[in-house]
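In this note's numbering, the protein residues as written are 377 to 523.
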């Protein structure tokens, strides 16, 4: 039986005084510390880094480690005009139902992938969705803010 998030011992000394990470986050990089509860779900709301629009409510996603290549972060129009360049990201929020999002937009198909963007300011991509898997939407932790 897993202990509540605040009762767990950290894997390494935390850089600041937030509560220690739970077992689901213990194997994760320091960027996810304090964001994941014992059940592996997001403790805090997920926001657009650029405009602050709410993307996900607390508890709406599960922490997942998967190596994904996302294009460099730009407004949707600028990203379409520029080609190439990107980042390999490994820590994501996994959302199983597209209706769990509070505010997200999707790009046109790029092969069998759609990229997730902020629906208000169109900044992104903040995440990734493969059309072959209708129930998996990944939001990169490095591309969003948390409150």
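For each residue, glycine too, the CB sits at the ideal point set by N, CA and C.
Small disclaimer: the values here were computed from a predicted structure and weren't measured.
Residue 492 lies in the beta strand (DSSP E); which residues open and close that run? 489-493
Boundaries of the beta strand (DSSP E) in which residue 503 is found, first to last residue: 503-506
Among 512, 511, 502, 513, which has the Cα closest to the Cα of residue 425? 502
Sequence-distant residues of its chain with Cβ nearer than 6 Å to residue 429 (five each side left out): 479, 494, 496
Applying the 10 Å Cβ sphere with the 16-neighbour rule, what's the burial state of residue 510? exposed
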